[in-house]
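Numbering (our numbering), first residue to last: 25 to 203.
Structural data, given as structure tokens:
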């Protein structure tokens, strides 16, 4: 998904800016090649749900929250953002649903990251968990206050989120093996 957010802008609408526009804009209604970004949202979402159920074992709260994260990604891919090109007709209900699910992705990630600190063994991992949640929150706030740089902030969130998820879930996989 990270590669797509950096490469697809060259094959999207002419006005797309990697600095200003988000991944949701790559998957927007009537955008060139939007299906690629939306397929990524859906695939990554499904993989997150599978990872939750494969590796989080007895940690039901974290399993549920990571599943909400994954399902929200799936629905953010199904329901598309409004076009970034002015004057293009679009389905406003679909745009609103996309916004709801994209917001759920953000909140569920922060809750998952912070709650993961309660199931980690090592203090350094607990610190990393809380730091990932705080970083995602801080960068989301920057998106609100400095929207002209939303593309940068969101890509930073994606890098932090998915790198952290990979390492955290690998620790959980190894922890589950020890049991």
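A virtual CB, placed ideally from N, CA and C, is assigned to each residue, including glycine.
Computed from a predicted model, the values in this text were never measured in an experiment.
Restricting to Cα atoms, I'd like to know which of the options is closest to residue i.
i           : options            : result
residue 53  : 101, 198, 138, 166 : 101
residue 57  : 32, 157, 81, 41    : 32
residue 98  : 117, 80, 130, 64   : 64
residue 131 : 28, 160, 169, 196  : 160
residue 185 : 137, 60, 30, 78    : 137
residue 94  : 166, 69, 79        : 69
Given this structure, state the Cα-to-Cα distance separating residue i from residue j, to the nearest angstrom.
i           : j           : result
residue 88  : residue 133 : 11 Å
residue 183 : residue 115 : 30 Å
residue 92  : residue 113 : 31 Å
residue 141 : residue 192 : 10 Å
residue 187 : residue 150 : 15 Å
Using DSSP with H/G/I as helix, E/B as strand and the rest coil, what is residue i?
i           : result
residue 119 : helix
residue 107 : coil
residue 25  : coil
residue 40  : coil
residue 113 : coil
residue 143 : coil
residue 46  : coil
residue 57  : coil
- Task: Examine the Cβ distances between the stretch 95-114 and the stretch 42-54 and report whether three or more of them are shorter than 8 Å.
- Result: The stretch 95-114 makes contact with the stretch 42-54; the number of CB pairs closer than 8 Å reaches 3 or more.
- Examine the Cβ distances between the stretch 118-131 and the stretch 72-84 and report whether three or more of them are shorter than 8 Å. No: the two stretches stay apart, fewer than three of their Cβ pairs being nearer than 8 Å.
- Which ranges would you report for the alpha helix (DSSP H) in the stretch 77-108 if only whole runs of at least 4 residues count? The qualifying runs are 84-102.
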